[in-house]
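What follows is one structure encoded as structure tokens, with my remarks underneath.
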Amino acid sequence: MPAAIEQSDRDLADQVRLAGEEQAFRVLYRRHTPALYRFALRLLGGDELEADDVVQETWIKALEKLPGFRWDASLRTWLTGIALNTCRSLLRRRDRHWLEVTDERAPTVPGLPVGERLDLEAGLARLPAGYRTVVVLHDVEGYTHEEIAAQLQIAVNTSKSQLSRARRALRRLLTAGDAQAEGVDA
Amino acid sequence: MNDDQEFELTPDERAAFARLPREQAPGRMLEERTVHALRAQGLLGRGRQTSPPVWRTWPTAAAAAVALFVSGIAVGQWIGSRTVAESMTAVRDRSALEAAAAVQRAGSAYVTALAALAEFADSTTNPGFVQGREVALTALYAAARELTQLTPDDPLAVAIRQRLEAFRSANGNGEAQDIHRVAWF
């Protein structure tokens, strides 16, 4: 179908907000959910059931807050922010100190066969949630440290230091098999 | 703009990040689950509410479901025969379009109830969950039976009924005994 007749997010959102139009919601859902789902799945380390719950909760919160959405940002950006907050709540319930990752809590790679490498997605999933979140937001989603700091309610410098540690830990994970093959203590 | 300077990624690492997929479709049931949750909260469909729901937590929902179930049986038994007769008359008077709409509403209610039941899916030893699953399967079978009587030549309806009958035979469940274990109201 030509793009010209595709309804805008705002038109569809208005139909949902003003008349509870289910069909309009379904169009929005199908347009934005694949990105939201991938985002949540990545932040949650690949847990599909939790990612499902986050997506559903994101849409519920979005429709509740829709009357107050001012369209200063795109709908996708707004929805992603809601999904991020929902993931944060979930991660905080798992571990109250989930963002306070230290090198002592950095991951190891037990049982990785010599010479075998993790791919990037698997490496991200093995990072502690606090590291993973900063890497995903910065290196995958393109957030600035200021944006990360605002979203996660941390200092900008904390975001920077966490990213450095997280990248280092990720590189260790991704090259662990190589290092073992070379007899180097990773 | 990315502005980290302390631990730079290599070009290969940057390329690997850029190649990561940005989208992935979830399971198809999630859309229906989400729509039903939104409808249940009055955020979609007619009669939308503006205030947030007060029954979000599952203990409240479970208590409400039990209360509804018990009161439904009591009231249903008391006025059962009279309302069934009146209902049947009303159904016959409806147009096919209205009847189809009623089927759609009933289907939505069925899926919503299953979604609520699915929240207890991690407790498969729970007698309530086991009973709920059995009732859901029996309702599905009863619907398939009605559908094949309505459209005997519909290959899809016939196939569904046959699969369910085969399953129930394999599991030692006679058709009649199971259907009558469920109180329809």
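First to last, the protein sequences are chains A and B. Using this note's numbering, read the first sequence as starting at 56 and increasing by one per residue. Using this note's numbering, read the second sequence as starting at 113 and increasing by one per residue. For glycine and all other residues, C-beta sits at the position ideal for the given N, C-alpha and C. These figures come from a predicted structure and were not determined experimentally.
- For the region 202-221 of chain A, the residues whose beta carbon sits under 9 Å from a beta carbon of chain B are, in order, Ser214, Lys215, Ser216, Leu218, Ser219, Arg220 and Ala221.
- For B:Ala149, the C-beta contacts it makes with chain A under 7 Å involve Gln111 and Ile115, in order along the chain.
- Between A:Pro183 and chain B, the shortest Cβ-Cβ separation is not below 8 Å.
- A distance of 8 Å or more separates the beta carbons of A:Ile203 and B:Leu150.
- Interface with chain B (8 Å Cβ-Cβ cutoff): A:Thr88 is included.
- Contact between the region 102-118 of chain A and the region 207-215 of chain A is absent: fewer than 3 CB-CB pairs across the two stretches fall below 8 Å.
- Residues of chain A whose Cβ lies closer than 8 Å to the Cβ of B:Ala137 are, in chain order, Thr88, Pro89 and Tyr92.
- For the C-beta of B:Leu121, the chain A residues within less than 8 Å are, from N- to C-terminus, Asp194 and Arg222.
- Residue-level contact by beta carbon fails for A:Leu228 and chain B, as no gap is shorter than 8 Å.
- Residue A:Val195 holds the alpha-carbon nearest to the alpha-carbon of B:Glu135 among A:Glu76, A:Thr213, A:Val195 and A:Ser219.
- In this structure A:His193 is buried. Its beta-carbon is surrounded by 16 or more other beta-carbon atoms within 10 angstroms.
- Inclusion of A:Val191 and A:Leu98 in the CB contact set at 8 Å is warranted, their separation being smaller than that value.
- Contact between the region 171-188 of chain A and the region 74-89 of chain A is absent: fewer than three C-beta pairs spanning the two stretches fall below 8 Å.
- Spatial neighbours of B:Glu144 in its own chain (CB-CB distance under 7 Å, excluding positions within 5 residues in sequence) are listed in chain order as Val223.
- B:Asp266 and B:Gly219 have their C-alpha atoms spaced approximately 19 Å apart.
- For A:Asp69, the closest C-alpha among the options A:Gly185, A:Leu175 and A:Lys120 is that of A:Lys120.
- Chain A places a beta carbon closer than 8 Å to that of B:Gly157, counting this residue as a contact.
- Residue-level contact check: B:Arg257 does not touch chain A, since none of the beta carbons of chain A fall below 8 Å from its beta carbon.
- Around the beta-carbon of A:Asp107, 16 or more other beta-carbon atoms lie within 10 Å, marking it buried.
- Residue contact check for A:Asp107 against chain B: a CB pair falls below 8 Å.
- Within the same chain, and ignoring the five residues on either side of A:Ser216 in sequence, no residue has its Cβ closer than 6 Å to its Cβ.
- For A:Arg181, the enclosing alpha helix (DSSP H) has its first and last residue at Leu175 to Arg181.
- Closest option to B:Leu252, judged by alpha-carbon separation, among B:Ile272, B:Leu132 and B:Pro264: B:Ile272.
- From the listed residues A:Arg151, A:Leu154, A:Asp66 and A:Arg93, the smallest Cα separation to A:Leu130 is found for A:Asp66.
- Annotation: A:Leu154 to A:Phe94 spans about 18 Å, alpha carbon to alpha carbon.
- Relative to B:Pro133, the option among A:Ser63, A:Asp64 and A:Leu91 whose CA is nearest is A:Leu91.
- When 7 Å is used as the limit between beta carbons, B:Thr260 is near no residue of chain A, the shortest such separation being about 30 Å.
- Counting other Cβ atoms within 10 Å of its Cβ, A:Ala128 stays below 16 and is therefore classed as exposed.
- Take A:Arg222, set aside five residues on each side of it, and the residues of its chain with a beta-carbon closer than 7 Å to its own are Val190, in chain order.
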